[in-house]
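Protein sequence lines correspond, in order, to chains A and B. The opening position of the first sequence corresponds to residue 1 in my numbering, with each subsequent residue numbered one higher. The opening position of the second sequence corresponds to residue 1 in my numbering, with each subsequent residue numbered one higher.
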Amino acid sequence: MKLSKLKKGQSAIVKSVDGTKEMKQRFLSFGLSKGAEVTLIDCSLTKSNIEIMVDTTLLALRREEAQNIEVEV
Amino acid sequence: MECNSCNDEHIGKRKRKRGKNHCTFENKEPIKSGLEAIKIALAGQPNVGKSMLINALSGSNSVKVGNFSGVTVDKLEVCFEHHCHLFDLIDLPGTYSIDGFTQEEKVAKEFLVNEDYDLILNVVDSTNLQRNLLLTLELLELNKKMVVALNMSDEAEKDNIHIDTKQLEKILGVKVIKVSAKSGQGVEELLELLHNEADKQEREVSNVIFSDPVEEELIKIENFLNERGFSYGDLTNTEVAIGLLFEDTKLYKKLHENPIMIELYPLLIDSREHIYTHHDSKDIKEIKLAEHAAIARGISKEVLSAKSKSKSLTLTQKIDSILMHKYFGIPIFLFFMWGLFQLTFEFGALPMDYIDGAISSFGSFVGSFISNDGLRSLIVDGIISGVGAVLLFLPNIVILYLGIALLETTGYMSRVAFILDGFFHKFGLHGKSFIPLVTGFGCTVPAYMAARTLKSEKDRLITLFILGFMSCGARLPIYVLFIGAFFSQEIAGNILFLIYISGALLGLIMAKALRVFVFKGEDEPFVMELPRYRMPSIKLLWHTVYSKALGYLKKAGTFILAASMLIWFASNYPKNSSLTKSYQTKIEQAQSKEQKQNLENELNSKLLENSYLGVIGKSTEAFFAPLGFDWRLTVALETGLAAKEVVVSTLGVLYSVGEVDESSDTLKEILRKNIDIAAALSFIVFVMIYLPCLAASSVFVKEAGGFRYLVYLFIFTTTTAWVLSFITYNVVKLLA
Chain A
1 MKLSKLKKGQ
11 SAIVKSVDGT
21 KEMKQRFLSF
31 GLSKGAEVTL
41 IDCSLTKSNI
51 EIMVDTTLLA
61 LRREEAQNIE
71 VEV
Chain B
1 MECNSCNDEH
11 IGKRKRKRGK
21 NHCTFENKEP
31 IKSGLEAIKI
41 ALAGQPNVGK
51 SMLINALSGS
61 NSVKVGNFSG
71 VTVDKLEVCF
81 EHHCHLFDLI
91 DLPGTYSIDG
101 FTQEEKVAKE
111 FLVNEDYDLI
121 LNVVDSTNLQ
131 RNLLLTLELL
141 ELNKKMVVAL
151 NMSDEAEKDN
161 IHIDTKQLEK
171 ILGVKVIKVS
181 AKSGQGVEEL
191 LELLHNEADK
201 QEREVSNVIF
211 SDPVEEELIK
221 IENFLNERGF
231 SYGDLTNTEV
241 AIGLLFEDTK
251 LYKKLHENPI
261 MIELYPLLID
271 SREHIYTHHD
281 SKDIKEIKLA
291 EHAAIARGIS
301 KEVLSAKSKS
311 KSLTLTQKID
321 SILMHKYFGI
331 PIFLFFMWGL
341 FQLTFEFGAL
351 PMDYIDGAIS
361 SFGSFVGSFI
371 SNDGLRSLIV
381 DGIISGVGAV
391 LLFLPNIVIL
401 YLGIALLETT
411 GYMSRVAFIL
421 DGFFHKFGLH
431 GKSFIPLVTG
441 FGCTVPAYMA
451 ARTLKSEKDR
461 LITLFILGFM
471 SCGARLPIYV
481 LFIGAFFSQE
491 IAGNILFLIY
501 ISGALLGLIM
511 AKALRVFVFK
521 GEDEPFVMEL
531 PRYRMPSIKL
541 LWHTVYSKAL
551 GYLKKAGTFI
561 LAASMLIWFA
571 SNYPKNSSLT
581 KSYQTKIEQA
591 QSKEQKQNLE
601 NELNSKLLEN
611 SYLGVIGKST
621 EAFFAPLGFD
631 WRLTVALETG
641 LAAKEVVVST
651 LGVLYSVGEV
661 DESSDTLKEI
671 LRKNIDIAAA
681 LSFIVFVMIY
691 LPCLAASSVF
701 VKEAGGFRYL
711 VYLFIFTTTT
721 AWVLSFITYN
731 VVKLLA
């Protein structure tokens with residue numbers, strides 16, 4: 001399933017990272033790569049942005065960018 | 001410490017071709033001639049406490065802190081002396097990776113790959129080891145001497161995070177040391193370690209192990225190189241193999257004429273194919289990053305033991321649950337901003353009267369010593385009053401910067417970007433744009449600089465282009481003057497609010513237009529770290545605010561000084577002595593004081609009409625005529641290009657009432673008599689939109705990265721201002 005589909009507080013393992021070259025590299029440089037554990041922390045009011053935790057890092061990203069990340073609960 | 005006992009054994013045997021030595025130690029005698037500074041490149045991810053560590057390392061011993069700038073991102077250089085060693089630290093911009101696309105990453109990579117230095121000091125946040133290791137792994141592949149400093153080790157210990165440094169050293173192959181920049185723990189040892197490493201002849205070799213498929217290919221390449229007896233520089237053949245497999249461009253450049261490459265190419269192509277299949281990707285950079293991520297995860301498992309969930313992370317999430325609350329997040333942020341502006345304007349206004357008084361008495365004090373009229377006028381009316389008008393805002397600037405520094409260092413800024421991104425994104429702006437936009441209501445100069453926080457070039461340019469629409473503090477006097485002249489007291493406040501709001505809205509609409517028509521293309525991804533909340537270090541805050549204030553003063557002393565002289569000259573020359581003489585006789589013959597005053601004002605306005613400034617105003621009158629402006633309003637707008645404060649005083653002089661401020665009733669009345677409401681509103685609209693002052697424009701050139709952008713901005717703002725003023729003028733005329 002897509003990372004953006006996770007429920008608040010739910011954790012999952014990253015299966016694949018997609019997107020443009022630039023975006024993929026951005027994700028990877030934050031440690032968002034295959035095998036990483038992610039937790040959805042919160043969404044913004046309009047649900048356009050989400051907050052996740054990767055390892056010990058809190059990350060903010062847009063929902064449409066989160067579509068590029070496939071996870072497995 | 002004093003270094004009288006330095007002997008030869010202290011002096012390193014560093015062999016390095018020295019370029020220009022940046023450390024000049026002007027104030028001190030070099031301890032021993034021939035002693036060279038150890039040049040250290042400081043690299044680390046953002047929010048690892050790098051600046052604080054620099055302060056701790058250099059202590060009060062810091063000799064010279066200077067900026068030498070890259071394109072838009074500065075590298076900072078600090079020189080100091082410690083135990084008979086000179087240190088030269090180059091602080092590179094904080095980056096998550098050095099292989100990426102952002103400007104900071106390019107600056108850091110460019111320095112690390114091409115510049116000459118003794119070793120890399122990699123600063124790592126102990127509480128975020130795994131992610132920090134991603135950069136460490138990239139740095140290792142540069143094959144330079146390196147030391148890893150595990151910063152914030154005290155915080156990690158409090159969080160029950162234990163890092164096995166010995167094991168980490170074994171894996172990375174370079175020295176690892178725990179430090180805390182905050183408490184100073186381990187700082188002495190780090191300095192010791194740094195010069196020991198710098199003095200070593202041999203460089204350590206990293207022992208990092210890639211995934212099995214990659215290692216297999218590496219061994220194949222390495223074996224081939226060994227068979228041919230190949231060696232290159234001080235690199236081991238494993239390092240050469242890694243460089244070749246992962247497309248190290250510098251290495252390829254060096255090797256491409258080497259005959260061995262002919263045989264290597266098929267081997268490399270074959271190896272790549274294997275790896276592509278394994279990783280299901282054809283992007284070698286991406287594969288390397290993925291490999292690094294896996295390695296970092298492995299290392300972190302091996303050396304890290306965390307007993308419980310991090311306390312600081314728990315605390316951060318608790319604070320976030322309030323500050324980033326779905327419904328309260330935005331109101332809380334607005335409240336903070338409101339508070340900051342209240343402070344900026346209220347507290348900033350307190351010392352204003354004193355500064356104002358001090359400047360004018362300084363002016364008359366200086367004036368009393370100068371007998372030559374022209375020179376006195378230049379110094380007192382030109383330089384002192386011009387520069388003084390800018391100095392007046394120093395308290396506001398200091399408060400605003402303190403607020404922004406607080407937002408930045410505590411970690412709150414990225415939260416606000418998160419909250420606002422959804423709304424801003426609709427207008428083609430990035431969440432982070434809000435900082436410069438809000439700053440723009442104070443002064444456009446720091447706002448332009450604040451736009452540096454935006455990573456994407458397009459986002460940054462759009463933000464820079466619309467920043468002028470946020471009416472700065474210096475435009476306020478103009479609004480107050482015109483509103484006072486044409487509207488009743490009761491609705492004045494609302495009109496003022498309307499002006500500011502419509503400016504901001506216009507900015508957002510223009511941002512959208514620029515995004516759709518000019519800066520097209522992919523949006524900058526919004527992926528950003530929300531760092532843990534940290535108490536800001538007072539020392540660092542002080543340092544930031546102090547250096548900003550100093551920069552502002554420097555600008556006042558150089559740029560504003562020159563601009564003031566220019567305006568003074570253009571409004572005073574060419575001298576018209578016959579006119580002056582004829583009026584002087586009239587003034588002498590005048591009966592009452594009032595009559596004298598009127599004649600003097602008349603003379604001043606005639607002189608101004610014939611000055612260079614007046615001539616310029618008259619010649620451009622035709623351009624502004626369709627907007628309802630006469631030559632006087634035209635001149636006022638043009639002098640306003642130097643500084644918006646000047647518009648009011650120019651109007652005052654031109655409409656012959658001598659020196660005026662915005663509350664002067666006579667000027668209001670004269671304006672009401674001379675200008676109709678349509679022209680007045682059209683003037684307000686023009687002031688709202690047209691080019692910011694000269695100081696801001698010069699900063700704009702620097703930040704946007706070229707003079708041509710100022711030309712674009714000039715055309716963009718002038719056209720918008722002209723069209724909207726034209727519409728305003730004609731609509732109001734029709735209605736009235």
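For every residue, glycine included, the Cβ atom is placed at its ideal position computed from N, Cα and C. Source: prediction; values computed, not measured.
Query                                                                                                                                                                              : Result
On the premise that F683 of chain B lies in contact with L633 of chain B, defined as a C-beta separation below 8 Å, what is that separation, rounded to the nearest angstrom?      : 6 Å
Would you call the CB atoms of F418 of chain B and E51 of chain A closer than 8 Å?                                                                                                 : yes
Please classify G440 of chain B: is it buried, with 16 or more other beta-carbons within 10 angstroms of its beta-carbon, or exposed?                                              : buried
Against A721 of chain B, what residues of chain A qualify as contacts under a CB-to-CB distance less than 8 Å, listed in chain order?                                              : Under the 8 Å cutoff, chain A gives no residues; its nearest Cβ is about 33 Å from A721 of chain B.
Where does H279 of chain B sit, in a helix, a strand or coil, going by DSSP?                                                                                                       : helix
In the DSSP assignment, find the beta strand (DSSP E) that holds V14 of chain A and state where it starts and stops.                                                               : 11–17
So, is the C-beta of L3 of chain A closer than 8 Å to a C-beta in chain B?                                                                                                         : no
Just how far apart, CA to CA, sit H274 of chain B and L133 of chain B?                                                                                                             : 26 Å
In the region 43–69 of chain A, which residues sit with their C-beta less than 7 Å from some C-beta in chain B, listed in chain order?                                             : S44, L45, T46, S48, N49, E51, D55, T56, T57, L58, L59, A60, L61, R62, E65
Alpha helix (DSSP H) containing F87 of chain B: first to last residue?                                                                                                             : It is not in any alpha helix (DSSP H) - F87 of chain B instead sits in the beta strand (DSSP E) that spans 85–91.
Could you give the distance in angstroms between the alpha-carbon of G521 of chain B and the alpha-carbon of A696 of chain B?                                                      : 28 Å
Consult DSSP for G44 of chain B and reduce its assignment to one of helix, strand or coil.                                                                                         : strand
With a cut-off of 8 Å, do at least 3 Cβ pairs link the region 476–496 of chain B to the region 693–711 of chain B?                                                                 : no
Quick one: using the 10 Å Cβ neighbour count with 16 as the cut-off for buried, is I509 of chain B buried or exposed?                                                              : exposed
For a contact meaning CB atoms closer than 7 Å, what does L28 of chain A contact in chain B?                                                                                       : E286, L289, A290, A293
With distances taken between CB atoms, is the gap from V147 of chain B to K175 of chain B smaller than 8 Å?                                                                        : yes
Look up Y232 of chain B in the DSSP assignment and say whether it is helix, strand or coil.                                                                                        : strand
Between the beta-carbon of S571 of chain B and the beta-carbon of L541 of chain B, is there less than 8 Å?                                                                         : no
Name the DSSP beta bridge partners of F80 of chain B, please?                                                                                                                      : B:F87
Could you give the first and the last residue of the continuous alpha helix (DSSP H) run that contains L190 of chain B?                                                            : 187–199
A36 of chain A touches chain B at which residues, Cβ-Cβ below 8 Å?                                                                                                                 : A293, R297
Evaluate Q489 of chain B with the Cβ neighbour count: other Cβ atoms within 10 Å of its Cβ, from every protein chain shown; 16 or more gives buried, anything less gives exposed.  : exposed
What first and last residue would you give for the beta strand (DSSP E) that runs through L59 of chain A?                                                                          : 57–62
Which two residues bound the contiguous alpha helix (DSSP H) that contains N49 of chain A?                                                                                         : Where N49 of chain A is concerned, there is no enclosing alpha helix (DSSP H), although the beta strand (DSSP E) it sits in stretches over 49–54.
Helix, strand or coil for S592 of chain B, going by three-state DSSP, please let me know.                                                                                          : coil
How would you list, in chain order, the residues of chain B whose beta-carbon sits under 8 Å from the beta-carbon of Q25 of chain A?                                               : S97, D99, G100, F101, K285, E286, L289
I'd like to know if F526 of chain B contacts chain A, where contact means its C-beta is closer than 8 Å to some C-beta of that chain.                                              : yes
Exposed or buried, which one is P259 of chain B when buried takes at least 16 other CB atoms within 10 Å?                                                                          : exposed
Whose C-alpha, out of A:S44, A:L28, A:L58, is nearest the C-alpha of I69 of chain A?                                                                                               : A:L28
Once DSSP output is grouped into helix, strand and coil, what is the label at K254 of chain B?                                                                                     : helix
Comparing the C-beta of K7 of chain A with each C-beta of chain B, is any distance below 8 Å?                                                                                      : no
Identify which residue in B:T127, B:E36, B:G49, B:L53 has its Cα closest to the Cα of T56 of chain A.                                                                              : B:T127
Excluding the five sequence neighbours on either side, which residues of its own chain have a C-beta within less than 8 Å of the C-beta of I359 of chain B, listed in chain order? : I384, S385, G388, L391, L392
Output the residue ranges of the alpha helix (DSSP H) runs that lie fully inside the region 453–538 of chain B and measure 4 residues or longer, sorted by chain position.         : 457–466, 476–486, 489–513
Just list the residues that DSSP pairs A306 of chain B with in beta bridges.                                                                                                       : B:I161
For K39 of chain B, is the classification buried or exposed, using 16 other Cβ atoms within 10 angstroms of its Cβ as the cut-off for buried?                                      : buried
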